[in-house]
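This report concerns only the one structure given below.
There are 2 protein chains.
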Amino acid sequence: MSDLRVGNLFANAPARLLDEQFDTLLARPGVRIERIVSTGQASAPGFWYDQPQDEWVCVLAGSAGVLVEGEDAPRALQPGGWLAIPARVRHRVEWTDATQPTIWLAVHICP
Amino acid sequence: MSDLRVGNLFANAPARLLDEQFDTLLARPGVRIERIVSTGQASAPGFWYDQPQDEWVCVLAGSAGVLVEGEDAPRALQPGGWLAIPARVRHRVEWTDATQPTIWLAVHICP
Numbered sequence: 241m242s243d244l245r246v247g248n249l250f251a252n253a254p255a256r257l258l259d260e261q262f263d264t265l266l267a268r269p270g271v272r273i274e275r276i277v278s279t280g281q282a283s284a285p286g287f288w289y290d291q292p293q294d295e296w297v298c299v300l301a302g303s304a305g306v307l308v309e310g311e312d313a314p315r316a317l318q319p320g321g322w323l324a325i326p327a328r329v330r331h332r333v334e335w336t337d338a339t340q341p342t343i344w345l346a347v348h349i350c351p
Numbered sequence: 241m242s243d244l245r246v247g248n249l250f251a252n253a254p255a256r257l258l259d260e261q262f263d264t265l266l267a268r269p270g271v272r273i274e275r276i277v278s279t280g281q282a283s284a285p286g287f288w289y290d291q292p293q294d295e296w297v298c299v300l301a302g303s304a305g306v307l308v309e310g311e312d313a314p315r316a317l318q319p320g321g322w323l324a325i326p327a328r329v330r331h332r333v334e335w336t337d338a339t340q341p342t343i344w345l346a347v348h349i350c351p
């Protein structure tokens with residue numbers, strides 16, 4: 241990274257998307273910072289994220305329910321709510337806010 | 241990281257602090273995710289951050305002015321505003337919001 245870069249997490253967040261929108265904000269060896277915008281999407285039935293990297297993920301606007309495998313109910317994330325999900329802990333997005341965009345910030349950390 | 245961990249960035253943000261509050265949310269080899277709460281503090285006169293690591297930093301509540309060495313004026317950050325500051329780019333916090341807590345999220349990435 242040689243140049244200073246700037247942005248705003250809340251800019252250019254469409255109110256309605258066919259698919260979730262993923263934007264990489266910064267990528268360095270072993271680390272990637274990503275903004276995700278959801279507008280009511282959820283993981284497909286039966287789909288689980290099963291990632292080789294650790295993930296720190298936060299909801300900054302809207303709301304979402306993240307189900308961690310083995311837990312009884314999704315964890316409801318409101319703005320500011322974060323999860324640090326170890327590699328290989330399977331999880332899925334049960335729901336995202338249907339009334340407003342949900343803006344996520346995710347930091348992916350390779351082991 | 242073996243256990244799932246949870247938190248909220250907006251929880252436990254005191255309205256008035258003598259010094260800025262730094263909380264490490266997640267630390268992994270080469271990466272550290274930190275929440276910072278400022279309540280009107282600024283960098284001391286003449287002080288510059290001059291860091292060996294890259295930093296991605298975002299204001300999530302409140303507001304702040306970050307001066308990058310060589311620039312004419314501080315960059316005013318509102319909620320959602322982020323800067324990716326390369327290692328060794330000197331910078332300082334000229335001001336933070338005097339009327340409400342400023343909540344920052346910083347990701348420090350070792351080269």
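Protein chains in written order, with the numbering used here: chain A, 241 to 351; chain B, 241 to 351.
All C-beta atoms in this analysis are idealised placements derived from N, C-alpha and C, irrespective of residue type, glycine included.
With 16 other Cβ atoms within 10 Å as the buried cut-off, status of L265/B:
In the second sequence, residue 265/B corresponds to position 25, counting from 1. When all chains shown are included, L265/B counts as buried.
Find out if the Cβ-Cβ distance for the pair P341/B, V277/B is shorter than 8 Å.
Locating residue 341/B in the second sequence gives position 101, where the first residue counts as 1. Locating residue 277/B in the second sequence gives position 37, where the first residue counts as 1. The Cβ atoms of P341/B and V277/B lie closer than 8 Å to each other.
According to a CB-to-CB cut-off of less than 9 Å, which residues of the segment 319-336 of chain B neighbour chain A?
Residues of the segment 319-336 of chain B with a C-beta atom less than 9 Å from some C-beta of chain A are P319, G320, G321, W322, L323, A324, I325, P326, A327, V329, H331, listed in chain order.
Cβ of I378/A less than 8 Å from any chain B Cβ?
Beyond the ends of chain A as shown, which are 241 and 351, falls residue 378/A; an answer cannot be given.
Option nearest R245/A by Cα separation, candidates P351/B, L323/B, Y289/B:
Taking the first residue of the first sequence as position 1, residue 245/A is located at position 5. Checking every option, the nearest Cα to that of R245/A belongs to L323/B.
Mind checking who R330/A pairs with in its DSSP beta bridge?
Taking the first residue of the first sequence as position 1, residue 330/A is located at position 90. The partner list for R330/A (beta bridge, DSSP) is empty, contrary to what the question assumes.
Helix, strand or coil at A267/B [DSSP, three-state]:
Taking the first residue of the second sequence as 1, we reach residue 267/B at position 27. A267/B falls in the strand class under three-state DSSP.
Applying a beta-carbon distance threshold of less than 9 Å, which residues of chain B neighbour W344/A?
In the first sequence, the residue the question calls residue 344/A occupies position 104. Neighbours of W344/A on chain B: none; closest Cβ ~13 Å, over 9 Å.
Quick one: using the 10 Å Cβ neighbour count with 16 as the cut-off for buried, is E295/A buried or exposed?
The sequence position of residue 295/A within the first sequence is 55, counting from 1. Classified as buried, E295/A has 16 or more neighbouring CB atoms from the shown chains inside 10 Å of its CB.
Measuring CB to CB, does R256/B end up less than 8 Å from Y289/B?
By 1-based counting over the second sequence, the position of residue 256/B is 16. By 1-based counting over the second sequence, the position of residue 289/B is 49. Not a contact, by the Cβ cut-off of 8 Å.
Which residues in chain A sit within 8 Å of N248/B, going by Cβ to Cβ distance?
The residue labelled residue 248/B in the question sits at position 8 within the second sequence. Around N248/B, the beta-carbon contacts reaching into chain A at under 8 Å are Q318, G320, G321, W322.
To the nearest angstrom, how far is the alpha carbon of F250/A from that of W344/B?
Counting from 1 along the first sequence, the entry for residue 250/A is found at position 10. Counting from 1 along the second sequence, the entry for residue 344/B is found at position 104. The straight-line gap from Cα to Cα measures roughly 15 Å.
State the CB to CB distance for the pair Q293/A and P351/A, rounded to an integer number of angstroms; the pair is presumed to be in contact (CB under 8 Å).
One-based indexing of the first sequence puts residue 293/A at position 53. One-based indexing of the first sequence puts residue 351/A at position 111. The beta-carbon distance between Q293/A and P351/A, rounded to whole angstroms, is 7 Å. This is short enough to meet the 8 Å contact definition.
Proximal chain B residues relative to V308/A, where beta-carbon distance stays under 8 Å
As a working note, residue 308/A is residue 68 in the first sequence. Within 8 Å Cβ-Cβ: L244.
Tell me whether F262/B sits in a helix, a strand or coil according to DSSP, three-state version.
Numbered from 1 along the second sequence, position 22 holds the residue referred to as residue 262/B. The answer is strand: DSSP assigns F262/B an E or B state.
Tell me the DSSP secondary structure of S283/B in three-state form.
Start at 1 with the first residue of the second sequence, and residue 283/B comes out as number 43. It is coil, neither helix nor strand.
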